[in-house]
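A.B. asks: Using our numbering, the letters of the sequence shown correspond one by one to residues 1 to 157.
Cβ atoms here follow ideal geometry from the backbone N, Cα and C, with glycine treated the same way.
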Amino acid sequence: MKEITGKLVAGQDKKIGIVVAKFNGVVTDRLLNGAIEQLEMSGVASDNIVVVHVPGAYEIARTVNCLAKSGKVDGIIALGAVIRGETDHYTYVCEGTASQLAAATANGPVPVMFGVLMTDTVAQATDRAGGKSGNKGAECATDILEVLSLEEQINNL
1 MKEITGKLVA
11 GQDKKIGIVV
21 AKFNGVVTDR
31 LLNGAIEQLE
41 MSGVASDNIV
51 VVHVPGAYEI
61 ARTVNCLAKS
71 GKVDGIIALG
81 AVIRGETDHY
91 TYVCEGTASQ
101 LAAATANGPV
111 PVMFGVLMTD
121 TVAQATDRAG
131 GKSGNKGAEC
141 ATDILEVLSL
151 EEQINNL
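1. Check for me: the alpha helix (DSSP H) holding Ala98 runs from which residue to which?
2. Are the segment 27-44 and the segment 61-71 touching by the rule of at least three beta carbon pairs closer than 8 angstroms?
3. Where do the N-terminal and C-terminal ends of the beta strand (DSSP E) with Ala21 fall, by residue?
4. Under 6 angstroms Cβ to Cβ from Asp88, same chain only, skipping five residues before and after it: list those, please.
5. When the Cα of Gly43 is compared with those of Ile154, Val147, Thr142, Leu150, which residue comes out closest?
6. Anyone know if the C-beta pair for Gly17 and Ile76 falls short of 7 angstroms?
7. Does the Cβ-Cβ distance between Ala106 and Val19 come in under 7 angstroms?
8. From the DSSP secondary-structure annotation, give me the bridge partner or partners of Leu79.
9. According to DSSP, is Ile49 part of a helix, a strand, or is it coil?
10. So Asn135 and Gly34 are supposed to be a Cβ contact under 8 angstroms. How far apart are they, rounded?
11. Just reading off the beta strand (DSSP E) that Gly131 is part of, what are its end residues?
12. Hey, how far is the Cα of Leu148 from the Cα of Pro111?
Okay, here's the thing in structure tokens:
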């Protein structure tokens, strides 16, 4: 029996794209910083990190698809923050963003990590962007490298 486990290998030569929403910047800036710091700590050269800023969470999926199809990156991290307001807009943005990013990673040419926070309050979002609940951006950085390792091992069976 052969078992495959993702590994984090220092000195990664992988190119990682990060698509980050500007809306709710107080949260998304923290997610972005966490992702970049974790990638660099994992050995990804800063020259191998491409950051693309989009207006809001709803625009992330289209940009992820464009970046994935470009062939310029090995994997993508999607970062955003949708915080509940007083209207149904929250629901539609969350549903659309989640389903489109799920389709992008399932059917696209490169893996996509889902780092779009969907919370009821700003406090919940900041807790997940470097606060008491960790940093989802940093978590996604580790996860993308692990998934890329898994895919490489599978391709080399």
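C.D. replies: Let's see:
1. Segment 89-107, the alpha helix (DSSP H) holding Ala98.
2. These segments do not touch.
3. Residues 16-21.
4. The answer is none, since no qualifying residue turns up.
5. Between Gly43 and the set Ile154, Val147, Thr142, Leu150, the nearest pair of CA atoms involves Thr142.
6. Taking 7 angstroms as the Cβ cut-off, Gly17 and Ile76 qualify as a contacting pair.
7. Taking 7 angstroms as the cut-off, the Cβ atoms of Ala106 and Val19 do not count as close.
8. Per DSSP, Val20, Gly115.
9. Strand, per DSSP.
10. Between Gly34 and Asn135 the Cβ distance is about 3 angstroms, and since that is below 8 angstroms, they are a contact.
11. Unbroken beta strand (DSSP E) run through Gly131: 129-131.
12. In this structure, the alpha-carbon of Leu148 lies about 8 angstroms from that of Pro111.
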